[in-house]
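Here the structure is laid out as structure tokens; the discussion comes afterwards.
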Amino acid sequence: MSAPLLTSLAGSGGASGGDRPDALTVGPRACSREELLGAAGAVAARIAGAPVVAVRATPTAETVAAVVGALLAGVPVVPVPPDSGPAERDHILRDSKAALLLTGEPSEDEHAAPVETVPVDLAERAAWSGAEPAPESTAFILYTSGTTGAPKGALISRRAVAADLDALAGAWAWTPEDTLVHGLPLFHVHGLVLGVLGALRVGSRLVHTGRPTPAAYAAVGGSLYFGVPTVWHRVVQDPAAARALSAARLLVSGSAPLPAPVFRDLEQLTGHRPVERYGMTETLITISTRADGERRPGYVGTPLSGIRTRIAAEEGAEIGELQLTGPTLFDGYLNRPEATAGSYTEDGWFRTGDIAAVEPDGFHRIVGRASTDLIKSGGYRIGAGEVENALLDHPAVREAAVVGAPHEDLGQQIVAYVVVDGVSEAELIDFVAGQLSVHKRPRKVRFLDALPRNAMGKPQKKLLPPA
Ligand code: MCA
Ligand code: AMP
């Protein structure tokens, strides 16, 4: 029989003696591992046999119970951003063919969604005695944006999750003695796979702060903290909160480049040189600095155990596309064989689309992305094409071009250039926020008489005026 994916839950039935009433805290709700296992067991019993299940991924303990229940039952989980508008949500549900949507508190418009909602109740208890699902089976279908079109569902196996979490536990010396603290969304790799399953596999306590604010991070007194660079930028803007993190063991940044000044401010205020790690939805986390190693501003460190990297550089050049192989890679995009094939080289290496360089000592530096149409804002990956399509769905929008403009706090902010027939900036921002997840909304709209185009009529984003 396979080893359990969520190791610490397997031993939480009382025999291990390691349980505590606040092993898992999400916002105001605390529960023990045994309580979580009981509530998850009830979920598993209800959905067992379903081909795939969606979870409305609010930052709540119900979301954790829903995800754990599905993993117990071996039903692939599709996390749905709780603020996704009907266009994004219905695409995710239809494309994944999820017939059930697990949710703690049904939202008002969910009756319109093409699924049956299944309530999750933390007070329920059921013992689950099903066999551990096969390691090669799908744990998650994670929807992630490409440069154009609607998000694609990345198939992530249980084996990939286990391999990644074990490699990270090694790199960060992550043990049951740790208290992990973060407030990241529960529908992406960072907050959900690392931030929830990591704690449940390692056996550390987890405190999810609801939102990743400096004050909330400071209030917990944890040992291991996760944040995207925007979170760390906000922490260093709040010196009192930053100083409160001095007692921690390790501060970890990822999902976007950590600016060197934020690294230095963190060191000065907390005494910690943060660990920076690099990853992608499709590959999970693959490169990191280590608890027992050097941490250098601007560098993401060395490949994790089992990962091999190479730089596809032009003859004589030192920087080029970062390519990877290893046990943490995804099993392709659901329903998209061509996109899956296109993401690998002929000799089977995954093409990250990130441009990188490797120092003689093996330290990796991410220089940028090959395509400017994949935007990283607040650590969220957003496809320019998806936002452009949402804007073009507005009856007053004739043309639209979307870019990621450099932004001190968000890394990049979404700026939309539009040609319209009389509509305001606020109306367009709200329109996109209503169709897609709120974080995909433009923060700024520039009105033009025409988009710059080349002789073929293709919009030339490089010729757009400054944001
Ligand atoms: C504002 N709001 C609106 C509007 N304007 N709502 C609707 N329509 C509007 N026009 C509201 C929102 O609902 C929200 O309300 C509030 O404004 C704040 O939203 P926002 O401004 O978007 O938040 P922010 O302060 O800019 O967010 C910063 C953040 C966030 C908290 C750092 O960007 C974040 O959580 N990022 C994490 C992303 C992440 O986890 N990425 C990992 C991807 P309310 O506050 O009431 O809800 S995985 C990955 O990248 C790989 C694997 C890796 O390496 O990790
Ligand atoms: P996502 O699919 O949301 O997981 O986003 C993955 C992308 O985030 C990668 O392809 C990188 O462009 C970016 N990324 C993640 N971590 C880092 C990092 N530490 N430094 C620079 N870029 C990063």
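At position 458 of the sequence shown (counting the first as 1) the number is 447 in this note's numbering, and the numbers step up by one without a gap. All residues carry an ideal CB built from backbone N, CA and C; glycine is no exception.
Taking a cut-off of 8 Å on C-beta distances, the segment 222 to 241 touches the segment 203 to 210, as three or more cross pairs fall below it. Spatial neighbours of D320 in its own chain (CB-CB distance under 6 Å, excluding positions within 5 residues in sequence) are listed in chain order as L144 and S146. A188 is the residue among T219, A188 and V220 whose C-alpha sits nearest the C-alpha of S212.
In this model, A34 and V404 are separated by some 46 Å (Cα to Cα). Under the 10 Å beta carbon count, F176 is surrounded by 16 or more other beta carbons and is classified as buried. In the DSSP assignment, I418 is bridged to no other residue. Under DSSP, the beta-bridge partners assigned to T168 are R194. At the C-beta level, R340 and S332 come within 7 Å of one another. When the five nearest sequence neighbours on each side are left out, the beta carbons in the same chain lying within less than 8 Å of the beta carbon of N443 are those of Q449, in order along the chain. At least one heavy atom of the ligand AMP is found less than 6 Å from the C-beta of D343. Taking the Cα of A328 as reference, the smallest distance to any Cα among V69, Y267, E271 and Q424 is reached at E271. Cα atoms of Y214 and C20: separation of roughly 20 Å, rounded to the nearest angstrom. Cβ-Cβ separation between G16 and H171: approximately 12 Å, too far for a contact (criterion under 8 Å). In this model, A394 and V264 are separated by some 26 Å (Cα to Cα). In this structure, the CA atom of R279 is about 8 Å from the CA atom of T291. The count of Cβ pairs closer than 8 Å, one atom from the segment 125 to 135 and one from the segment 67 to 74, reaches three, so the stretches are in contact.
Cβ neighbours of S(-3) within its own chain (closer than 6 Å, five residues either side excluded): L189 and G192. The bridge partners DSSP lists for H353 are G290 and V347. Using a Cβ distance threshold of 7 Å, Y267 and V289 count as a contacting pair. As far as DSSP is concerned, E125 takes part in no beta bridge. Of T52, I344 and S73, the smallest CA-CA separation from G357 is found for I344. Relative to the ligand MCA, the beta carbon of P70 is positioned no closer than 6 Å to any heavy atom.
In this structure V407 is not in contact with V427, their Cβ atoms being roughly 19 Å apart against a cut-off of 8 Å.
Annotation: G309 to R238 spans about 34 Å, alpha carbon to alpha carbon. In the DSSP assignment, P441 is bridged to no other residue. Beta bridge pairing from DSSP links Y406 with A390 and R435. Look at Y267: its beta carbon is less than 6 Å from one of the heavy atoms in the ligand AMP. Within a 10 Å sphere around the beta-carbon of A306 sit fewer than 16 other beta-carbons, which makes this residue exposed.
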